[in-house]
Amino acid sequence: MKKAYQIVVRGIVQGVGFRPYVFNLAKIYNLTGWVKNTQKGVEIRIEGEEEQLKKFIDLLPQRAPSHAKIFSLFIEEVPLSHFEHFVILKGERANQVEFDLLPDLGICEDCLRELVDPTDRRFEYPFITCTLCGPRFSVIESLPYERENTTMKYFPLCERCREEYENPENRRFHAETTACPLCGPKIELYNAQGILVAEDREALFKAQKAIEEGKILALKGLTGFHLIARADDSLVIEILRNRKLRKKKPFAVMVKNLSEAEKYVFLSEKDKELLAAPMAPILILPSKGNLPYNLNEGLKELGIFLPYTPLHYLLLKDLPFPIICTSGNLSEEPLLFENDEAFEKLSKIADLFLVHDRPIKRPLDDSVIKKAGSFYIMVRRGRGYTPLPLHLSFEVSKPILAVGAHEKNTISLAYQNKIIVSQHIGDLDNEEVLARFKKTIEDFLELYNINPLIIVADYHPFYASTKWAKQWGNERGIPVVFVQHHIAHLYSVLAEEGINEGEFLGIAWDGTGYGLDHTIWGGEFFYLNGTQYNRVYTFRPFKLLGGERAIKDIRRTALSILLEIFGEEALNLPLPFLKTFEEKEILLLFKAWKEGINSPLSSSVGRLFDAVSALLALCYNNTYSGEAAMRLESLYSWDIKENFEFEVLDNFYIDWEPMFKGILEDLKKRKEPNIIATKFINTLARVVQDIAVRVGLNSICLSGGVMMNSPLVQRLEELLTKKGFSVYKNKNFPPNDGGLSLGQAYFTALSLRE
Ligand code: ZN
Ligand code: ZN
Ligand code: FE
């Protein structure tokens, strides 16, 4: 007997070759009807013999394409329409977007094979893609996901591409971003004056040649510009550093394949898998230390990734050295993605520009992931991961817009049963980043068709994101709520773990966050339960001499701590860092400390890292965020198990005084910096263990920028699990301020339930 069904598939089902898959499956069982993309996901109308229908429905979730993820199947019997064929229909636009958009995907194996096959018509074509790989989120202009709604609409398919696109047997059947040398995007090489130098193959060849000669290349890639230079030449690196005004921040390196990667970093099987995955993140791994010192300033770790576009692949193919592949932007500014702007901004940095004519709708930085023993820490989430949502176990009662932090900003949307976190936007101090922040909000609201009914921002009144939220909300009559910084950090973990009840000890350590008592927090312990929280421990506060200035000039924090311990006598201690101050300067700082002028109180653990780093003369200036902490981390020695003393005062303040006295003692004994650095990090792990035992809750939740410190987190986990605690931490989202909008959104979503 014939029957007909209406099926709605929700999940990651657009841009993954799902419709062609359904089409072929229907053909196999002689079924008729249609399939189409909708805002809900994919809708299927299917009819035919009952037995065949049953097989179709059984197999549908089992054989789905590799990138597809089905979250739900809704099946309903409907009257027969007596279709003659099975067809793929054009999509339609409805209200809220219910399916999940796919991130941009690295090149797949099949495409890679064709790319190097001289008999293939796409041989060495830099924009080869199929239903399994290539641009997605970065080219989508509107929904549903179909070619005319992407920036590929400017490239009408040629006859042969159309044949493939329409042929159910072909692996490019309904591949929305497919193209070939005849009909697709092209590359061109320009010099810094904007004069065309070469096209197509010759452009690629000349670009390679230039890199080989030590030139710097601006390359328009998949989701934005890269700056590229050879990574094995310290002089070239120096030139790039000078031109980019990037003093010490490590550069990431791209190598042509895994066996090349193995020459420069230590790799496990799991690391290899992640490097070669379609997300193709930059992975920070233990370095073998055989590339120039100024590449990563002697750090023990190196960021490495593989070519994820055919264009990068072709560029690297014949180069006998690894390349620096870093974001194409000016220092502190957002990633560039449009040709004109890139020419304007990068002409003083790059010697040549290798560009193409496929517009990028929205820029995404490369994602950065750091290895920490047996687990990974998301450092920066962008290309390859955004916009995969976080699914919740409950429905959000009204759409929420969370605007994130001030640094490493991201924004989030919460609606239905999910939270979508934007790509990394940047530090909002910069005007252009602020403009990008506003644009990203506009873009997300439009793309997902959301009208937020509540806005959530950080409690800090001077964050640019907070100020924007207040104004935007007021203009529209939308309520704005504020979540304390460290609370947001901790709820980002609970969001990831899908936890919405129970008691936790939450530990949030970072550089700075505005506290409920208007001081600067950053070494906090909270009792958490549902949306109830209570600050139960913190670090003994100290003064940030000169406020914000102490964040860069970290000698000030070391000085401030010594003044707290020894008073004026601190000025006469025989420490190298003290000698680097001018006489007048140090007296002024002393006065500032004594009288509390422009010296806000802080309990930040991030700043303690700064102080120790300055005491050890490792670093006096944070030329990028987290530099001092990274230097200490890099010195960590696993065989040293000792730690310094610490005390807990008034059952509330963790006192660092015994620890700093211990450090001075060790310095006097001329102990190696790696011993002191290790003992310091071990002390922090001990502090957590001690407080955990005092508080006595079984579940411990860790977040904040300090939790990117891999030896610290590993030691912590080791100590805590040994004592029987369960440890929860961020997994797919950053523990740093990049995860803040997620925590804000989740905390608010939970509050709305009550
Ligand atoms: Zn492919
Ligand atoms: Zn074509
Ligand atoms: Fe933070």
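Take 11 as the starting number for the sequence shown in this note's numbering and just add one per residue.
Every residue gets a Cβ at the ideal spot worked out from N, C-alpha and C, and that includes glycine.
Here the structure is a predicted model, which is why all the values come from computation and not from measurement.
Closer than 7 angstroms: Ile410 CB and nearest ligand 1 heavy atom: Position 400 of the sequence shown, counted from the first residue, corresponds to residue 410. For ligand 1, not one heavy atom lies less than 7 angstroms from the Cβ of Ile410.
Every unbroken beta strand (DSSP E) within the stretch 173 to 226, with a cutoff of 3 residues, ordered by chain: 197 to 201 and 206 to 209
Expected contact under 8 angstroms - CB spacing of Leu167 and His77 to nearest Å: One-based indexing of the sequence shown puts residue 167 at position 157. One-based indexing of the sequence shown puts residue 77 at position 67. Under the criterion of beta carbons closer than 8 angstroms, Leu167 and His77 do not qualify as touching, at roughly 22 angstroms.
Residues bridged to Pro291 [DSSP beta-bridge criterion]: Walking along the sequence shown from the start, residue 291 turns up at place 281. Paired residues: none, contrary to the question.
Closer than 7 angstroms: Ala9 CB and nearest ligand 3 heavy atom: As shown, the chain starts at 11 and ends at 764. That puts residue 9 outside it, with no answer to give.
Nearest to Gly521 (by Cα), restricted to the options Pro745, Gly144, Lys739 and Phe165: On the sequence shown, position 511 is the one that residue 521 refers to. Nearest C-alpha to Gly521: Pro745.
Distance cut-off 7 angstroms: Ala189 Cβ against heavy atoms of ligand 2: Sequence index remark: in the sequence shown, residue 189 carries index 179 (1-based). Short note on Ala189: C-beta closer than 7 angstroms to some heavy atom of ligand 2.
Span separating the alpha-carbon of Ile451 from that of Val413: To locate residue 451, count along the sequence shown from 1; it is residue 441. To locate residue 413, count along the sequence shown from 1; it is residue 403. Those two C-alpha atoms are separated by around 8 angstroms.
Range covered by the beta strand (DSSP E) that runs through Ser570: As a working note, residue 570 is residue 560 in the sequence shown. First-last for Ser570: Arg565 to Phe576, but that is the alpha helix (DSSP H), not the beta strand (DSSP E).
Host beta strand (DSSP E) of Gly532 (start-end): For the purposes of this step, residue 532 is taken as the residue at position 522 of the sequence shown. Gly532 -> beta strand (DSSP E) spans Ile530 to Asn539.
Sequence-distant residues of its chain with Cβ nearer than 7 angstroms to Val275 (five each side left out): Counted from its first residue, the sequence shown places residue 275 at position 265. Closer than 7 angstroms at the Cβ level, and outside the excluded window around Val275, lie Leu295, Pro296, Ser297, Lys298, Leu312 and Ile314.
Shell residues, 6 angstroms Cβ cut-off relative to heavy atoms of ligand 5: Because ligand 5 does not appear in the structure shown, any question about it cannot be addressed here, the ligands present being ligand 1, ligand 2 and ligand 3.
DSSP-derived helix/strand/coil call for Trp785: The chain is shown from 11 up to 764; residue 785 falls before or after that span and cannot be answered.
Residues bridged to Leu77 [DSSP beta-bridge criterion]: Counting from 1 along the sequence shown, the entry for residue 77 is found at position 67. Residue identity check: residue 77 is His in the sequence provided, not Leu. DSSP output for His77 lists no bridge partner at all.
Residue of Tyr175, Glu86 and Cys171 minimising C-alpha distance to Ile98: Counting from one through the sequence shown, the residue named residue 98 turns up at place 88. Of Tyr175, Glu86 and Cys171, the residue nearest in Cα terms is Tyr175.
Where Met11 falls, given that 16 or more other Cβ within 10 Å makes a residue buried: Here residue 11 refers to the residue found at position 1 of the sequence shown. Flag for Met11 reads exposed.
Limits of the unbroken alpha helix (DSSP H) element including Val705: As a first step, residue 705 is located in the sequence shown; it is residue number 695 there, counting from the start. First-last of the alpha helix (DSSP H) with Val705: Pro683 to Val705.
Beta-carbon spacing of Ile22, Lys64 below 8 angstroms: Translated into the one-based positions of the sequence shown, residue 22 becomes position 12. Translated into the one-based positions of the sequence shown, residue 64 becomes position 54. The answer is no: Cβ separation not under 8 angstroms.
Three-state class that DSSP yields for Pro128 in the structure shown: For this step, residue 128 is matched to residue 118 along the sequence shown. If DSSP states are grouped into helix, strand and coil, Pro128 belongs with coil.
Euclidean distance between Cα positions of Phe96 and Ala505: By one-based count along the sequence shown, residue 96 stands at place 86. By one-based count along the sequence shown, residue 505 stands at place 495. C-alpha separation (whole angstroms): 42 angstroms.
Check: Cys121 C-beta below 7 angstroms from any heavy atom of ligand 2: What you label residue 121 is simply residue 111 of the sequence shown in a count that begins at 1. No, since every heavy atom of ligand 2 falls outside the 7 angstroms radius drawn around the Cβ of Cys121.
Beta-carbon proximity of Ser614 to Gly672, cut-off 8 angstroms: By 1-based counting over the sequence shown, the position of residue 614 is 604. By 1-based counting over the sequence shown, the position of residue 672 is 662. Contact: no.
For Leu760 and Phe536, the rounded distance between their alpha carbons: Position 526 of the sequence shown, counted from the start, is the residue given in the question as residue 536. Position 750 of the sequence shown, counted from the start, is the residue given in the question as residue 760. When rounded, the distance between both Cα atoms is 17 angstroms.
Alpha-carbon spacing of Ser123 relative to Thr139, whole angstroms: Within the sequence shown, numbered from 1, the residue matching residue 123 stands at position 113. Within the sequence shown, numbered from 1, the residue matching residue 139 stands at position 129. The question names Ser, yet the displayed sequence has Arg at residue 123. C-alpha separation (whole angstroms): 12 angstroms.
Other residues of its chain near Tyr663: CB distance less than 6 angstroms, five sequence neighbours each side excluded: The residue given as residue 663 occupies position 653 in the sequence shown. Arg550.
For Thr139, three-class secondary structure by DSSP: Locating residue 139 in the sequence shown gives position 129, where the first residue counts as 1. DSSP places Thr139 in coil when its eight states are reduced to three.
Among Thr476, Ile465 and Val503, nearest to Gly487 - alpha-carbon criterion: The residue you call residue 487 lines up with position 477 of the sequence shown. Checked all of Thr476, Ile465 and Val503; the closest Cα to Gly487 is Ile465.
DSSP-derived helix/strand/coil call for Phe736: As a first step, residue 736 is located in the sequence shown; it is residue number 726 there, counting from the start. The sequence as given places Ser at residue 736; Phe does not occur at that position. If DSSP states are grouped into helix, strand and coil, Ser736 belongs with the strands.
Option nearest Ile221 by Cα separation, candidates Asp210, Arg211 and Leu237: By one-based count along the sequence shown, residue 221 stands at place 211. Among Asp210, Arg211 and Leu237, the Cα nearest to that of Ile221 is on Leu237.
Nearest to Tyr473 (by Cα), restricted to the options Val493, Lys732 and Ile509: Here residue 473 corresponds to residue number 463 of the sequence shown, with the count starting at 1. It is Val493.
Inter-residue spacing [alpha-carbon to alpha-carbon] between Asp242 and Leu364: Position 232 of the sequence shown, counting from 1, holds the residue named residue 242. Position 354 of the sequence shown, counting from 1, holds the residue named residue 364. Going from the Cα of Asp242 to the Cα of Leu364 covers about 21 angstroms.
Residues bridged to Ala467 [DSSP beta-bridge criterion]: For this step, residue 467 is matched to residue 457 along the sequence shown. Beta-bridge pairing links Ala467 to Phe492.
From Gly748, Ala445, Phe235 and Gly540, residue whose alpha carbon lies closest to that of Cys335: Mapped onto the sequence shown, residue 335 falls at position 325. Considering only alpha carbons, the answer is Phe235.
Alpha-carbon to alpha-carbon, Lys601 and Ile575: Numbered from its first residue, the sequence shown carries residue 575 at position 565. Numbered from its first residue, the sequence shown carries residue 601 at position 591. Those two C-alpha atoms are separated by around 16 angstroms.
Neighbour-count burial assignment, Gly204, 16 or more Cβ in a 10 Å radius: Reading the sequence shown from its first residue, position 194 is the one you call residue 204. With fewer than 16 other Cβ atoms within 10 Å, it is exposed.
Distance between Phe109 and Asn40 (C-alpha atoms, nearest Å): Residue 40 sits at position 30 when you count from the first residue of the sequence shown. Residue 109 sits at position 99 when you count from the first residue of the sequence shown. Using only the alpha carbons, I get a separation of about 28 angstroms.
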